[in-house]
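S.K.: When you read off a place in the sequence shown, starting at 1, and then add 28, the result is the number in this note's numbering.
A virtual CB, placed ideally from N, CA and C, is assigned to each residue, including glycine.
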Amino acid sequence: MNPDGTQDSFGVAFHGDDNGNIWQDGVPIFTSDIEGMREVTLGKLVKKEGVKITDLLKISGCLRLRILVDSIDARDCLEDAIDINHSHDVEVMVNELYAANTYCSTIKGGSTNIRLMVAAQYGHGSETDYDLGNFSDQSNARTKGISLHINTADSSPVKVRLLTADAPTLENQDLITYFKPQTYKVVALNQGWFYPVFNFFKDFLKHFGIKI
Numbered sequence: 029m030n031p032d033g034t035q036d037s038f039g040v041a042f043h044g045d046d047n048g049n050i051w052q053d054g055v056p057i058f059t060s061d062i063e064g065m066r067e068v069t070l071g072k073l074v075k076k077e078g079v080k081i082t083d084l085l086k087i088s089g090c091l092r093l094r095i096l097v098d099s100i101d102a103r104d105c106l107e108d109a110i111d112i113n114h115s116h117d118v119e120v121m122v123n124e125l126y127a128a129n130t131y132c133s134t135i136k137g138g139s140t141n142i143r144l145m146v147a148a149q150y151g152h153g154s155e156t157d158y159d160l161g162n163f164s165d166q167s168n169a170r171t172k173g174i175s176l177h178i179n180t181a182d183s184s185p186v187k188v189r190l191l192t193a194d195a196p197t198l199e200n201q202d203l204i205t206y207f208k209p210q211t212y213k214v215v216a217l218n219q220g221w222f223y224p225v226f227n228f229f230k231d232f233l234k235h236f237g238i239k240i
């Protein structure tokens with residue numbers, strides 16, 4: 029649920045509970061008695077014509093989950109290609125990721141031990157690429173233990189914004205991986221009260237077509 033009371037819409041959604049049970053699009057796929065990482069393989073994710081989607085891949089409240097994705101084409105999505113909220117011990121590995129309108133990915137809600145790997149990122153989000161510790165309706169806890177291994181197809185810098193979050197581990201900052209050595213631009217914003225309030229009103233106003 030958004031601050032203004034509207035509901036987000038997703039392409040593929042994974043939801044979990046505190047016991048470790050996981051549902052995919054409302055269908056149970058893993059129970060809490062399965063030990064270790066649980067793995068899901070997805071093909072090409074793309075927004076359907078004529079359908080408004082905020083996030084193409086949504087992961088909420090999940091524990092010990094690994095998702096392998098061939099392609100995420102979020103070019104027509106309003107917010108994220110990947111939205112991770114209040115989840116722990118999660119790994120997402122993507123071959124191709126096309127940025128959504130606002131972000132490539134948001135990781136928030138006190139999420140911990142999240143690893144995101146993208147072999148080829150195409151385009152950039154209008155606000156930033158990877159947004160860590162933004163407003164969450166599930167938890168105000170600090171987001172930490174984030175690892176990023178991102179390769180832009182054109183070798184342009186990856187933009188990372190820190191709000192209520194610790195600085196991430198940048199796995200390939202000085203390594204040659206799939207393409208040329210990757211560079212990052214990490215911007216840490218004020219961790220006080222201002223930005224949570226600012227983001228609340230920003231999200232509220234954007235539903236009326238007002239951008240700040």
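For Leu84 and Asp117, what's the separation of their Cα atoms in angstroms?
M.R.: Counted from its first residue, the sequence shown places residue 84 at position 56. Counted from its first residue, the sequence shown places residue 117 at position 89. Cα to Cα, Leu84 sits roughly 20 Å from Asp117.
S.K.: Would you give the residue range spanned by the beta strand (DSSP E) that Thr130 belongs to?
M.R.: Taking the sequence shown and counting its residues from 1, one reaches residue 130 at position 102. First-last for Thr130: undefined, no H or E at that position.
S.K.: Suppose contacts are defined by Cβ-Cβ distances below 7 Å. Is Tyr212 in contact with Leu190 by that definition?
M.R.: Against the sequence shown, residue 212 aligns to sequence position 184. Against the sequence shown, residue 190 aligns to sequence position 162. The answer is no: Cβ separation not under 7 Å.
S.K.: Using the DSSP secondary-structure output, state which residues sit across from Thr82 in a beta bridge.
M.R.: By one-based count along the sequence shown, residue 82 stands at place 54. Partner(s): none; Thr82 has no beta bridge.
S.K.: Taking the beta strand (DSSP E) that His116 falls in, what are its first and last residues?
M.R.: Along the sequence shown, one-based indexing puts residue 116 at 88. From DSSP, the beta strand (DSSP E) with His116 extends over His116 to Tyr126.
S.K.: Whole angstroms are fine: how far does the CA of Gly137 sit from the CA of Thr171?
M.R.: To locate residue 171, count along the sequence shown from 1; it is residue 143. To locate residue 137, count along the sequence shown from 1; it is residue 109. Rounded to the nearest angstrom, the two C-alpha atoms are 6 Å apart.
S.K.: Who are the near neighbours of Asp53 in its chain, counting only those whose CB is closer than 7 Å to its CB and skipping five residues on each side?
M.R.: The residue labelled residue 53 in the question sits at position 25 within the sequence shown. These residues qualify, in order along the chain: Val40 and Ala41.
S.K.: Just how far apart, CA to CA, sit Lys80 and Gly153?
M.R.: The residue you call residue 80 lines up with position 52 of the sequence shown. The residue you call residue 153 lines up with position 125 of the sequence shown. Spanning the two alpha carbons is a distance of roughly 18 Å.
S.K.: Report the rounded CA-to-CA distance for Gly161 versus Leu96, giving the unit in angstroms.
M.R.: Translated into the one-based positions of the sequence shown, residue 161 becomes position 133. Translated into the one-based positions of the sequence shown, residue 96 becomes position 68. Rounded to the nearest angstrom, the two C-alpha atoms are 23 Å apart.
S.K.: Quick check: the Cα distance between Cys105 and Asn168, rounded to an integer number of angstroms?
M.R.: Along the sequence shown, read from residue 1 onward, the residue named residue 105 stands at position 77. Along the sequence shown, read from residue 1 onward, the residue named residue 168 stands at position 140. Straight-line Cα distance between these residues: approximately 25 Å.
S.K.: Taking the alpha carbon of Glu107 as the reference point, which residue from Ala195, Pro56 and Thr130 has its own alpha carbon closest?
M.R.: For the purposes of this step, residue 107 is taken as the residue at position 79 of the sequence shown. The shortest C-alpha separation from Glu107 is found at Thr130.
S.K.: With a threshold of 8 Å on Cβ separation, who are the neighbours of Ala127 within its own chain once the five nearest residues in sequence on each side are excluded?
M.R.: The sequence position of residue 127 within the sequence shown is 99, counting from 1. The answer, listed in chain order, is Ala102, Arg103, Ala109, Gln149, Tyr150, Gly151, His152, Gly153 and Asp157.
S.K.: How is Thr205 classed by DSSP in three states: helix, strand or coil?
M.R.: For the purposes of this step, residue 205 is taken as residue 177 along the sequence shown, with counting starting at 1. With a pLDDT of 44 at Thr205, under the threshold of 50, the modelled position of this residue cannot be trusted; read the value that follows with caution. The answer is coil: DSSP assigns Thr205 none of H, G, I, E or B.
S.K.: So Phe113 and Ser139 are in contact, right, with Cβ under 8 Å, and what is the actual spacing, rounded?
M.R.: Along the sequence shown, one-based indexing puts residue 113 at 85. Along the sequence shown, one-based indexing puts residue 139 at 111. In the sequence under discussion, the amino acid at residue 113 is Asn, which differs from the Phe named in the question. Sure, about 7 Å apart at Cβ, within 8 Å.
S.K.: Going by alpha carbons, who is nearest to Phe163 out of Thr82, Asn49, Thr192 and Thr180?
M.R.: What you label residue 163 is simply residue 135 of the sequence shown in a count that begins at 1. Checked all of Thr82, Asn49, Thr192 and Thr180; the closest Cα to Phe163 is Thr192.
S.K.: Could you please give me the residues that DSSP links to His43 through a beta bridge?
M.R.: Here residue 43 refers to the residue found at position 15 of the sequence shown. Answer is Trp51 and Ser88.
S.K.: Quick one: what does DSSP say Thr192 is sitting in, helix, strand or coil?
M.R.: As a position in the sequence shown, residue 192 is number 164, starting the count at 1. Coil.
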